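Notes follow the structure.
Structure below.
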């Protein structure tokens, strides 16, 4: 069964919801900036026993990193962490309370996937605490993994063959459809269908979700094998499409 997975997105030291494709060195188009800190949301997810969520640091500044660490400490083993993860610092986030670390950009050198770097980070985390972020952009030839805050499109395509190969090296995949992230204009249905065609590990899709109906749609398109993150449309992030309570009730059906 498709489950709702919670998230905490951090940018410039604040909990935010942004339009994913707008993120660059100058900033980003913001849908929402919270008055609450990251630990507040982590505590909320812990209270409602929501598991498998992620906290993502969209920036390398100290304030953002401190907020991320505070969320991990507020919900030990309840959140995955992503944002600037490398073989050198992965253990720091695991020791701070992350159930898993999420890695993308570190795995690429000059736009090419590095199996050597994957081996290095696996030695620090093991496969059971490693999530590969295969967030991507759509092209005429399909979906290709995008790194560096989704601004650099790599040569690695998101295909079922590649997913099956990479699944041997991690516990889960996290996949943002960067072109629709934050737009609340609907999910990338074709990508969800692809991800539901037999991926050997758990997959969380994010991007474009706008209502409870999208949970049902992802469930139908993937035969219940792909989970869904809802961000900007969620009431706790200023959205009007769906409430956290509705998502909690959905998960309780499992």
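In my numbering, the protein residues as written are 15 to 268. Beta carbons: idealized from backbone N, C-alpha and C, even for Gly. A quick note: this is a predicted structure, and the numbers were derived from the prediction, not measured.
Can the beta-carbon of residue i be found less than 8 Å from the beta-carbon of residue j?
i	j	result
residue 70	residue 108	no
residue 94	residue 68	yes
residue 264	residue 226	yes
residue 84	residue 53	yes
residue 202	residue 141	no
residue 181	residue 206	no
residue 258	residue 250	yes
residue 232	residue 244	no
residue 236	residue 192	no
residue 121	residue 131	yes
residue 26	residue 73	yes
residue 20	residue 86	no
residue 213	residue 18	no
residue 229	residue 16	yes
residue 46	residue 252	yes
residue 57	residue 104	no
residue 119	residue 162	yes
Here's the rule I'm using: 16 or more other beta-carbon atoms within 10 Å means buried, otherwise exposed. How should residue i be labelled?
i	result
residue 189	buried
residue 198	buried
residue 178	exposed
residue 9	Because the chain spans 15 through 268 in this model, residue 9 falls outside it and cannot be assessed.
residue 246	buried
residue 195	buried
residue 204	exposed
residue 254	exposed
residue 153	exposed
residue 129	exposed
residue 96	buried
residue 66	buried
residue 221	buried
Let me check you understand the geometry: is the CB of residue i closer than 7 Å to at least one non-hydrogen atom of the ligand HEM?
i	result
residue 56	In terms of ligand content, the structure shown is empty, and the ligand HEM therefore cannot be addressed.
When DSSP builds the beta bridges, which residues end up paired with residue i?
i	result
residue 189	219
residue 24	29 and 71
residue 120	The partner list for residue 120 (beta bridge, DSSP) is empty, contrary to what the question assumes.
residue 19	243
residue 158	151 and 171
residue 126	123
residue 198	Residue 198 is not bridged to any residue.
residue 95	69 and 115
residue 166	161
residue 144	115
residue 248	256
In terms of residue numbering, what span does the alpha helix (DSSP H) encompassing residue i cover?
i	result
residue 233	226-236
residue 138	129-139
residue 179	174-180
residue 44	Note, residue 44: premise wrong, no alpha helix (DSSP H); beta strand (DSSP E) at 44-47.
residue 113	That residue, residue 113, is in no alpha helix (DSSP H); it is neither H nor E in DSSP.
residue 265	258-265
residue 60	52-61
residue 103	It is not in any alpha helix (DSSP H) - residue 103 carries neither H nor E in the DSSP assignment.
residue 207	203-209
Assuming residue i is part of the beta strand (DSSP E), what are its boundary residues?
i	result
residue 150	150-153
residue 89	No beta strand (DSSP E) holds residue 89; DSSP gives it neither H nor E.
Touching or not, the segment 169-185 and the segment 77-91, by the rule of three or more beta carbon pairs under 8 Å?
Segment contact: the segment 169-185 against the segment 77-91, fewer than three CB-CB distances shorter than 8 Å; contact not assigned.
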